[in-house]
Amino acid sequence: MVDTHHITLSPTESKDTRSGFGQGLLEAGQQNDNVLGLCADLTGSLKMNAFKDAFPERFFQVGIAEANMMGVAAGMTIGGKIPFTGTFANFSTGRVYDQIRQSIAYSEKNVKICASHAGLTLGEDGATHQILEDIGMMKMLPNMTVVVPADYEQTRQATLAIAKHHGPVYLRFGRPKVPVFIDAEAPFELGKIQKVISGADLTIAACGHLVWEAIQAAVELAKDGIHAEVLNVHTIKPLDEKTLIESAQKTGHVLVAEEHQRLGGLGSSVAQCLGANHPTAMDFVAVEDQFGESGKPAQLMQKYGLDAASIVRKSKALLGK
29 MVDTHHITLS PTESKDTRSG FGQGLLEAGQ QNDNVLGLCA DLTGSLKMNA
79 FKDAFPERFF QVGIAEANMM GVAAGMTIGG KIPFTGTFAN FSTGRVYDQI
129 RQSIAYSEKN VKICASHAGL TLGEDGATHQ ILEDIGMMKM LPNMTVVVPA
179 DYEQTRQATL AIAKHHGPVY LRFGRPKVPV FIDAEAPFEL GKIQKVISGA
229 DLTIAACGHL VWEAIQAAVE LAKDGIHAEV LNVHTIKPLD EKTLIESAQK
279 TGHVLVAEEH QRLGGLGSSV AQCLGANHPT AMDFVAVEDQ FGESGKPAQL
329 MQKYGLDAAS IVRKSKALLG K
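Residues in the sequence shown are numbered consecutively from 29, following the numbering used here.
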């Protein structure tokens with residue numbers, strides 16, 4: 029039997045996490061008149077239309093000028109505004125890294141950098157758009173909070189939470205529809221790991237789309253008598269080291285799963301934490317130092333070893349079974 033917390037193992041609907049962002053942005057705008065929306069010609073793709081329609085005087089379409097958008101957003105914070113920028117993850121980070129570093133992170137501006145279409149699940153747009161380095165790029169910036177929610181509901185919650193958090197934030201979400209498995213009333217706190225399944229044999233620490241894959245893997249592992257603890261690490265930075273260390277102490281084995289390069293992402297943060305505080309047998313489910321390619325999201329996740337079956341296989345190998 030799988031011991032779950034605030035989730036359903038048999039979700040009845042699937043939604044894209046970018047729609048969770050759109051709903052969260054609308055609600056944040058309703059709660060606070062200082063919330064603004066800026067978009068680089070991708071309003072529909074970022075699901076920012078509801079905010080634009082509700083608050084046209086607080087929405088700014090800057091066109092395909094992402095670097096300019098970051099500078100404009102930084103300037104808006106000086107007057108107490110809370111700007112949310114929206115574009116694809118590749119354009120939200122790689123294209124504008126200098127502007128983020130200088131004008132937002134270094135200057136500690138209260139800008140919320142909201143990035144859709146991240147990772148392999150962008151799918152058919154291919155390697156040039158499937159950024160797999162963004163978590164590492166953003167977590168290395170001083171003052172930057174990095175959040176990677178797991179489903180529609182948690183993305184909505186995260187959007188509301190970062191609106192209330194003062195300081196620069198990188199919020200990463202995706203394009204495909206994925207199961208909505210987190211309960212609407214589940215608590216959400218920035219910087220706090222959410223334990224979704226309890227177990228004593230193995231810890232699976234995951235973020236984003238890989239949380240659902242980890243849950244499915246835990247169900248399969250339980251059939252073989254392996255009880256995995258699944259941690260939803262929705263906040264990559266600051267990392268909840270206390271909860272992570274406690275889980276590693278209990279299970280003695282940690283597998284990290286993320287839709288990102290193996291180098292520099294969540295896995296690196298977990299390894300650094302445990303290496304310094306509680307050395308633990310570890311392995312990683314991530315992209316192995318390569319670019320993506322065009323294809324259906326599910327096919328790419330399988331090919332690059334990011335699906336539930338891959339998590340099961342690596343979990344058993346880590347346990348020597």
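Even glycine gets a Cβ: it sits at the ideal position worked out from N, Cα and C.
If you're wondering where the values come from, they're calculated on a predicted model, not measured in any experiment.
| query | Among S343, R203, V63, which one has its Cα closest to the Cα of H145? | reply | R203
| field | Status (buried if at least 16 other CB within 10 Å, exposed otherwise) for P111 | value | buried
| Where M29 falls, given that 16 or more other Cβ within 10 Å makes a residue buried | That one is exposed.
| query | First and last residue of the beta strand (DSSP E) that includes L272? | reply | Per DSSP, L272 is not a residue of any beta strand (DSSP E); the alpha helix (DSSP H) it occupies stretches across 269-279.
| task | Look at the alpha carbon of G227 and the alpha carbon of H288, and state the distance between them as a whole number of angstroms. | result | 25 Å
| query | Using the rule of at least 16 other Cβ atoms within 10 Å of the residue's Cβ for burial, across every protein chain shown, is P361 buried or exposed? | reply | With the chain covering 29 to 349 only, the question about residue 361 has no answer from this structure.
| query | Mapping DSSP to helix, strand and coil, what is G103? | reply | helix
| How is the alpha helix (DSSP H) around A133 delimited, first residue to last? | Element bounds for A133: n/a, residue is neither H nor E.
| query | Mind pulling the alpha helix (DSSP H) runs of 4 or more residues that sit fully within the segment 138-195? | reply | 162-167, 180-192
| query | In chain order, what residues of the same chain lie with their CB nearer than 8 Å to the CB of L188, ignoring the 5 residues before and after it? | reply | G52, E55, A56, Q59
| Three-state class that DSSP yields for V261 in the structure shown | V261: coil per DSSP, three-state reduction.
| message | I'd like to know whether the C-beta atoms of F201 and T45 end up nearer to each other than 7 Å. | response | yes
| If you drop the 5 nearest sequence neighbours on each side, which residues of the same chain put their C-beta closer than 8 Å to that of D211? | H34, I35, T36, E181
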